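K.L.:
Residue numbers (the numbering used here): 10 to 270.
1) Within 10 angstroms of its Cβ, does residue 56 collect 16 or more other Cβ (buried), or is it exposed?
2) Residue 185 and residue 170 - do their beta-carbons sit closer together than 7 Å?
3) Count the other C-beta atoms from every protein chain shown that fall within 10 angstroms of the C-beta of residue 136, then say buried if there are 16 or more, exposed otherwise.
4) What ranges does the alpha helix (DSSP H) occupy inside the stretch 22-93, keeping only unbroken runs of at least 4 residues that lie completely in it?
5) Taking Cβ positions, are residue 115 and residue 12 nearer each other than 7 Å?
6) Counting Cβ pairs, one atom from each stretch, are 3 or more of them under 8 Å apart for the stretch 92-108 and the stretch 24-37?
7) Just curious, the alpha helix (DSSP H) that residue 188 is in, first and last residue?
8) Buried or exposed, going by whether 16 or more other CB atoms sit within 10 Å of the CB of residue 112?
9) Would residue 36 and residue 176 be called neighbours here (beta carbons separated by less than 7 Å)?
10) With residue 126 as the anchor, note down where its beta strand (DSSP E) starts and where it stops.
11) Let's test the definition: count the other Cβ atoms within 10 Å of the Cβ of residue 178 and tell me whether it reaches 16, buried, or not, exposed.
12) Are at least three pairs of beta-carbons, each pair with one atom in the stretch 81-99 and one in the stretch 52-69, less than 8 Å apart?
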């Protein structure tokens, strides 16, 4: 599910456009990253000029991957302290913000096809349930990547901070919600469960990485029909083809899952 590869505007304006991630490049040259490189050079006792950002990034990811895969404290991790790790994490988040997240409007719009597919399937299931029919497809599973899931989460409005991430506001973003290590861990997934609670009361429960979440702008975790339909119309307005999705959700179990490979 690499819909973004077929979106010409995204490919031209973001994916193949170095200026689209200029904030990332600026942060790499900024004081926070320079300090990380200085500390690495001191720990290794080599000249600072020999430590590039790419080298620091490679060492950081080697540390992270070995810990995640082998559950070991890699020797690479000794090159970083907690402050350094936070800077490296921000650099990674900054790239995802501008490459797949809120940095450019086309990032989220590239997921419109997936958005319509997800909610049209849920709408069909809700309609079949309301009419007393057996639901044709009680479970739909689609497999993608982090690059598949992040634009959809962005379109839905999850993890949007009051200020955009940029190269100069690192200190102000300490408590940001846009943190990819939390949003997109290994095997990241979005699940939408359709519940029938009786009496025509259908509700939708979204779960991100198996944890219940609330749709941004809606108060209840299990969304009622009217509130969800209104939200759907607003989100559909962000796409080239506006589709009104009249759907509700909550207690029988029609599931939609996206799993990051």
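Where is the CB? At the ideal position from N, CA and C, for every residue including glycine.
These numbers were taken from a predicted model, which means no experiment stands behind them.
P.N.:
From the atom records:
1) exposed
2) yes
3) exposed
4) 31-37, 40-53, 62-79
5) no
6) yes
7) That residue, residue 188, is in no alpha helix (DSSP H); it is neither H nor E in DSSP.
8) buried
9) yes
10) Counting along the chain, residue 126 falls outside any beta strand (DSSP E), though it belongs to the alpha helix (DSSP H) covering 121-139.
11) exposed
12) yes
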